[in-house]
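Worksheet: the structure to be examined is printed underneath.
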Amino acid sequence: MSGISGSMGSWDGGYMNVNCCCGKRAGVRISESASNPNKLYYYCRDNKCGSFLGWCIPTNVNSPTSNSIGEGLEVFKANLSRTIAEIKEELLKINEETKKLHVKLQKIEAILNQMKNCMIIILLLLIVFAVKTP
Ligand SMILES: [Zn+2]
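As structure tokens, then:
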């Protein structure tokens with residue numbers, strides 16, 4: 028995609044294609060929010076990595092002093108690392124939950140073992156009574 032002009036007129040460049048966290052090409056949408064109207068942003072086509080991955084990175088940088096590509100990349104990287112941090116946090120929570128569940132499971136197994144022992148004793152008592160009674 029290149030040559031976006033249209034109503035804005037002055038814009039004659041394109042935007043960088045970027046890959047999503049899931050490895051696929053990120054999709055592009057136009058923002059309709061009040062704070063950033065008509066701004067292009069990347070989103071995950073499979074809806075796996077989120078509906079906002081960062082603002083689109085323009086490819087035509089006319090002035091050599093401009094570092095908007097670098098800035099865009101930095102924003103994208105920041106968004107990525109934020110997503111990764113969120114996933115790590117979720118993983119930690121899941122790990123903790125798993126540990127808690129494991130402890131609960133061990134308790135339940137201990138109770139079950141006790142019940143099994145009780146059953147054996149009751150069965151033995153029943154057999155003894157059954158043998159004693161004529
Ligand atoms: Zn994705």
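Per this note's numbering, the sequence shown starts with residue 28, numbered consecutively.
We put the beta carbon where it would ideally sit given N, CA and C, even for glycine.
Annotation for Cys71: Cys47, Cys48, Cys49, Lys51, Ala53, Gly54, Gly77, Ser78 and Leu80 place their beta carbon closer than 8 Å to its own, counting only its chain and skipping 5 residues before and after. Distance between Asn122 and His129, taken at the CA atoms: about 10 Å. Runs of the beta strand (DSSP E) spanning 3 or more residues and lying entirely within the segment 66 to 124 occur at 67 to 70, in chain order. Near ligand 1, residues with a Cβ at less than 6 Å from any of the ligand's heavy atoms are Cys47, Cys48, Cys49, Lys51, Cys71, Asp73, Lys75 and Cys76; the list follows chain order. The alpha-carbon of Gly40 is positioned some 51 Å away from that of Thr125.
Taking the Cα of Pro85 as reference, the smallest distance to any Cα among Tyr68, Lys143, Ala105 and Leu107 is reached at Tyr68. Rounded to the nearest angstrom, the Cβ distance from Asn65 to Ile57 is 6 Å, consistent with a contact under 8 Å. According to DSSP, residue pairing for Asn46 in a beta bridge involves Arg52.
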